[in-house]
Amino acid sequence: AIMHGLSPNDSGIGDVPALIVATDGGHMSAVRYLLENGAKPDLRAKDGRTALSVAAQSGRADIVTALLDAGANPNLIAENNDAPLMIAVRAHRTNVVLVLVAHHADLEDTDITGRTALDFAEEHHFDDIVTVLRNASGN
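Note that this note's numbering has the sequence shown beginning at 553, numbered continuously upward.
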C-alpha cells in the first residue's frame, strides 16, 4: 500500500490503521515495515484500540517491544479506559507485563473500578504477574 502512494498511517476497511491491522494479525515483519516507514505507533482505531493495546492483549511481547522502541506511549489509555499494562494483566500475559514494566508503565494507574494492575493480579491469583509487579514497585 505504501508503494502506491498511501501513507503508513492510512486506515483501511473499518477505519482501522494499518499498524493495528498488522499487529492484530501478528505480522511482525509488517509492523516493523510500517514503523520504519513512518507509521505513528499511537494511532487509534475508532473503537479506541491502539497497536500497543492489541499486542498487549494478544501476548506479542516482540511486537510490544517494537512499538515501544518506536515511541509508543506505554501508558496511553485505550479501549475500555484501560492502559496497556492493565490489558496485559487481564489477559494474563506475563511476558508483556515484563516488557511494559521495563518501559516504565505506570504501576499506579487504575481501571474504571479503581483497581491497579497489581490489585487485579492479586484478585485473580496471577502469582507470576504479582511477583513481577511487586518487584517493579519495590514491595
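All C-beta atoms in this analysis are idealised placements derived from N, C-alpha and C, irrespective of residue type, glycine included.
From a predicted model like this one, the values you see are computed outputs, not experimental measurements.
Return the CA-CA distance between residue i and residue j, expressed in angstroms with no decimal places.
| i | j | result |
| --- | --- | --- |
| Leu595 | Pro569 | 7 Å |
| Leu620 | Asp599 | 21 Å |
| Gly690 | Thr662 | 18 Å |
| Leu628 | Pro636 | 7 Å |
| Arg645 | Ala574 | 19 Å |
| Ile639 | Val648 | 10 Å |
What is the residue span of the alpha helix (DSSP H) that residue i lies within?
| i | result |
| --- | --- |
| Glu588 | Met580 to Glu588 |
| Ala669 | Ala669 to Glu675 |
| Thr628 | This sequence places Leu at residue 628; Thr is not what is there. No alpha helix (DSSP H) holds Leu628; DSSP gives it neither H nor E. |
If you drop the 5 nearest sequence neighbours on each side, which residues of the same chain put their C-beta closer than 8 Å to that of residue i?
| i | result |
| --- | --- |
| Val682 | Leu670, Ala673 and Glu674 |
Please tell me whether residue i and residue j are closer than 8 Å, where the distance is taken between their beta carbons.
| i | j | result |
| --- | --- | --- |
| Ala622 | Leu587 | yes |
Closer than 7 Å by C-beta to residue i: which residues in its own chain qualify, once you throw out the five before and the five after it? Chain order, please.
| i | result |
| --- | --- |
| Met555 | Bear in mind that a pLDDT of 46 at Met555, under 50, signals an unreliable position, so the number given afterwards is only what the model happens to contain. Result list for Met555: empty, nothing under 7 Å. |
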